[in-house]
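Visitor:
Protein chains in written order, with the working numbering: chain A, 7 to 536; chain R, 7 to 536.
1. Apart from the five residues on each side of it in sequence, which residues of its chain come closer than 6 Å, Cβ to Cβ, to residue 156/R?
2. For the beta strand (DSSP E) that contains residue 436/A, what are its first and last residues?
3. Just the Cα atoms here: how many angstroms apart are residue 520/A and residue 458/A?
4. Roughly how many angstroms lie between the CA atoms of residue 227/R and residue 210/A, to the nearest whole one?
5. For residue 152/R, count neighbouring C-beta atoms within 10 Å of its own C-beta (all shown protein chains included) and say buried if the count is 16 or more, exposed if not.
6. For residue 6/A, which residues from the same chain have a beta carbon less than 8 Å from its beta carbon, with the 5 sequence-adjacent residues on both sides left out?
7. Closer than 9 Å, Cβ to any Cβ of chain A: which residues of the segment 238-263 of chain R, in chain order?
8. What number of angstroms, rounded off, separates the C-alpha of residue 74/A from the C-alpha of residue 12/A?
9. Tell me the rounded alpha-carbon separation between residue 385/A and residue 498/A.
10. Runs of 4 residues minimum, wholly inside the segment 98-169 of chain A: which ones carry the alpha helix (DSSP H) assignment?
11. Go ahead and pull the three-state DSSP assignment for residue 80/A.
12. How would you write the range of the beta strand (DSSP E) that residue 407/R sits in, first residue to last?
13. Quick one: is residue 470/A near chain R, going by C-beta distance under 8 Å?
14. Going straight from the alpha carbon of residue 515/A to that of residue 266/R, what length do you get?
15. Which class does residue 492/A belong to by DSSP, given the choice of helix, strand or coil?
16. Is it buried or exposed, residue 304/A, if we count other Cβ atoms within 10 angstroms and call 16 or more buried?
17. What residue range is occupied by the uninterrupted alpha helix (DSSP H) comprising residue 386/A?
18. Between residue 212/R and chain A, is the shortest Cβ-Cβ distance under 8 Å, so that the two count as touching?
19. List the residues of chain A whose Cβ lies closer than 8 Å to the Cβ of residue 389/R, in chain order.
20. State yes or no: is the beta carbon of residue 218/A nearer than 8 Å to at least one beta carbon in chain R?
21. Check distances from the C-beta atoms of the segment 495-515 of chain A to those of chain R and list, in chain order, the residues that come in under 9 Å.
22. Using 8 Å as the threshold, is the C-beta distance between residue 76/R and residue 38/R below it?
23. Check residue 11/R in the structure and name its three-state DSSP category.
24. Apply the 10 Å Cβ neighbour rule to residue 464/R and answer buried if 16 or more other Cβ atoms are within range, or exposed otherwise.
25. With 8 Å as the limit, tell me which residues of the segment 280-295 of chain A have their beta carbon closer than that to any beta carbon of chain R; keep them in chain order.
26. When you compare each of 268/R, 241/R, 247/R, 208/R to residue 296/R by their alpha carbons, which one comes out closest?
27. Please confirm whether residue 390/A and residue 407/A have their CB atoms less than 8 Å apart.
28. If the criterion is Cβ atoms closer than 8 Å, does the pair residue 272/R and residue 323/R meet it?
29. Using DSSP bridges, identify the partner residues of residue 427/R.
30. Label residue 94/R either buried or exposed according to how many other C-beta atoms from any shown protein chain fall within 10 Å of its C-beta, with 16 as the threshold for buried.
31. If we cut at 8 Å on Cβ distances, does residue 222/R have a partner in chain A?
32. Taking the alpha carbon of residue 509/A as the point to measure from, which residue in 214/R, 412/R, 388/R has its own alpha carbon closest?
33. Can you list the residues of chain R that residue 305/A reaches, using a CB-CB cut of under 7 Å?
34. Measure the C-alpha to C-alpha separation of residue 448/R and residue 427/R and round it to an integer number of angstroms.
35. Please classify residue 296/R: does DSSP put it in a helix, a strand, or coil?
36. Can you tell me which of the three DSSP states residue 74/A falls into?
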């Protein structure tokens, strides 16, 4: 039988101590509901009283219903000198009306004596009194031993005595915290094993990622007998973050014999990760293990041809198990197989033009060498292949454009673009002003195209990136422009390279519009056929 | 005595297999020189023959000199059926003219029989022949055992036999590769220990991060006796990346008794990490352990006050040891000390210029909020402070400029800038053509200034960078331009921000020229005084 591990999520508390991570009370509720549906056991929602947002969350949570998870309020043991029932912090923990609470106390003797300026025995009394007070209010109590590993290294007996104080007072779980994130897996294993000989209630681990070992440390603790793991989705958290549950859960449940969440929810992992980065308004990390966009992306030519033969060769698990999927990237590292696979996905049968495949590969490699990057510009890639294989018809022709940027003594500058295009022998001549030269050109081209292709109004530009390629050449250098465009949730990328930023932008812009129009045309075909 | 570990960097080879990571041959050379100066032992530069860029790098590297590092060319063992001296891949490895080569071969019996369709014994022959061929050409040979851990799990005897084949043929090091990144630290320890009983040459580890264990697995291998570690700066690499050397090196050298690089270079780690993400044009990960901007950033109120009392409380090491620094993410007061600190670092005593330091601070913070970034633009920062405090005189005034970009049916575009500036009531009107609008403007401004300040010919632009700030606004977004200029080895950075790339470039350009002229003036003063 698999060992069951309690998963304690602190995305809403320790997660928000990470730089740039912030959630409204409503955000927190939406996240808590997703975590509950996913099968997380404990959801730490915040520190009631530390800020109004956390208070509000606990009010919302008290009215919501959760199928599986227990909501947890976080706080500290009572202040030195306070009676627990007079301690505002403990009172607020009770008032949060959660089934469980987590409270942290000191394990490091140095801090007890220096920071709190109380005796070792007084600190044990504070821990006992605080836990007992909360148990008397019928809470499940999770005791977080702050700085446990640092304290243990200095005085193991005292560090363990703090855990025993919590245990005696009725704590349900004690959690060993590597608060500074500086402990290594070998030390975690050794210390957890020692602690388990002396403590008779479940022991948990709370690790940070300051040595890039947040996941490894939690795994070492579990291997040594911890049955409760604290962490966050995407590893968000103070400084370098906390144990990343998106990696920990599959490591324990797919690769080892532990049970964290119901098996059938594993394939929701990727969606959960992206949902939470979306709510936090943080760009998802493409390289993130298991759930990142690149986690099953293959770029090297040899890897691709091998994966096409047998997926086990370069994939440690099937991407679908955690809801992710395989991608093949096209770049100058790619051999024939990348290009064939990619073309196949795009519905282009290269073998039909079999003499052409090597030529296409050569041409793409040449372009990449000039600075074109097709990984993020799949639409340009598709257009290029279609042009090379002769299955492409242009939607418009450029007759010419002129951009004027003027600045005078008054300081502000004015930008104007004029443009002439031809569609089926009909010439359209347009002008537009913009924020800058590319913006003006974009507006003029839209204006001109709209006359022939009114559907162009449905698409918009999402993202515009400029990268100077050979920077040493200063303002005379080559530039690469990447444009990301979208229509109703569908998005596509295009690329242009030139020593002139306007030319590079023009290439990426026209590819973007052309790709969109080709897609629209494809969608129309069935209707015409009727 | 500390155990010495050989660090093998593959940022330029496996790193570029990561999505969005691409370097020109010149980029690669600049990176290799930085890695060498940092104290890396081996620098794997690419796969000669796989693409033109890698070829070009080895040509550049052959002409450059490296103080410490050995440059390594990467490739595979020879193809089944080929004699080594007829194998194009092996020939190119020799022609790359590097002191060392790394070649990979198969360890997994399944792949030998299924993918290569040769016998187990034939595969051992290929390994032996390939290694021997390279040794006969006086190369140091590092043999990479691809899929070693997966192969070992299936057939340990055969996996080890492939290593012994390489050893017999004279390989200098064998490297155990966790190619798919699916192996856990416990398995790594166990397998490395077994291998070391049977192999008598140095053994290395090449780990990937697919389980977020790239660093932990390399550490487990070192703990079990490996003395050679492969990895990349910032963990760039195929899929989820490779062992991150920016975490591994301090973990081994600061927290354990291993020697990876000379101690005095450890404090260059943060700068090295940021340099490489800059060259790759990838936004640095703020949460990255050790070197990230948030790695020593304190947000929680309790943490901040504690850290201010005693840094050990929430910092696992002193940030200065690896060249990073502490940040406090709270109040406006901290903003004030940041800016005073920055000014002080630049040698500007703010209280000397104005009693109203707070006003300067407010204005600078406002600008930073709009996207100005003064870390890489200390010349603009200095100019701004001087302008605000009234100790600045302009060298020229802009009367106006006009830029015209024209493109017609023939395809190529033409860019022209005209410009009027005034110096001491004398107006200069100039025109110039350029590669793009900024290049043309730069040339026209130089032309005009040269008449009054001939010394302007001594300075040149080193580097020109564009970053779109609010990417979601597409081509109408704000952009930041950073310019790096130099004269006789002295360099300085300037910045401009605007929704118009021309305006932003103009700001950075004029700051750059003005700063240069002010420096020249300062240098002249002593002579005039004589």
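Ideal placement from N, C-alpha and C gives every residue a C-beta, glycine not left out.
Guide: Answer, in terms of the structure:
1. 114
2. 432-440
3. 13 Å
4. 27 Å
5. buried
6. Residue 6/A falls outside the range modelled here, since chain A spans only 7 to 536, and no answer is possible.
7. 241, 242, 243, 244, 245, 246, 247, 250, 252, 253, 254, 256, 257, 261, 262
8. 12 Å
9. 6 Å
10. 126-142, 154-160
11. strand
12. 403-414
13. yes
14. 48 Å
15. strand
16. buried
17. 384-394
18. no
19. Chain A residues near residue 389/R: none, gap ~17 Å exceeds 8 Å.
20. yes
21. 504, 505, 506, 507, 508, 509, 510, 511, 512, 515
22. no
23. coil
24. exposed
25. 291, 292, 293, 294, 295
26. 241/R
27. no
28. no
29. 404/R, 434/R
30. exposed
31. yes
32. 412/R
33. 23, 25, 244
34. 13 Å
35. coil
36. coil
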